[in-house]
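A short worksheet on the structure shown next.
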Amino acid sequence: MDSTFIESGMREALRHARLAFEEGEPPVGAALYRGGALVSVGRNRREKRQNALWHAELEAIHGACEALGSWRLEDCTLFVTLEPCPMCAGAVISARIPSVVFGARDERAGACGSVLDLFSERFGHRPAVLAGVLGDECAELLTRFFYNIRQEVET
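The sequence shown runs 25 to 179 under the numbering used here.
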């Protein structure tokens, strides 16, 4: 993957993470590309929709399946600002997405190497992973969000 494409894809995911932040959601954003073209985006909406399934990755995967008319996303790349959790990593495997690029590691729930690595298990599909892209910027946005929440609770 071209470094300009990688940074551009992560910047798009960050744009949606910032929108989630503005909406009071944990700032996680995702962007799904096919052949260098943006197909779908997503951001966390779990609080707004009161649904545990509305993670950024799942919203982007759902949108891409609708846009492309297939559940097989075999020629796509998923960019996400936070390391996917087990649920989202499972969706990546099921959708056969070949490449995942993420920013910040998730030491509590990350399923691409932090807590466990679902992509190295013996599933029929093993996506390639590029970790840490704009990781400091992604992590800082999450840190600021949770700092703000702690401040609200303390006042």
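The beta carbon of each residue, even a glycine, is placed where N, CA and C say it ideally should be.
Under DSSP, R150 shares a beta bridge with no residue. When C-beta atoms of the region 30–41 are compared with those of the region 100–112, three or more pairs fall below 8 angstroms, so the two segments count as touching. Inter-residue distance for I173 and R42 is about 15 angstroms (C-alpha atoms, whole angstroms). Annotated as distal: A54 and V63, with beta-carbon spacing of 8 angstroms or more. Taking the Cα positions, R132 is about 15 angstroms away from P50. When C-alpha distances from L82 are compared across Q74, V125, S144, L56, the shortest belongs to L56.
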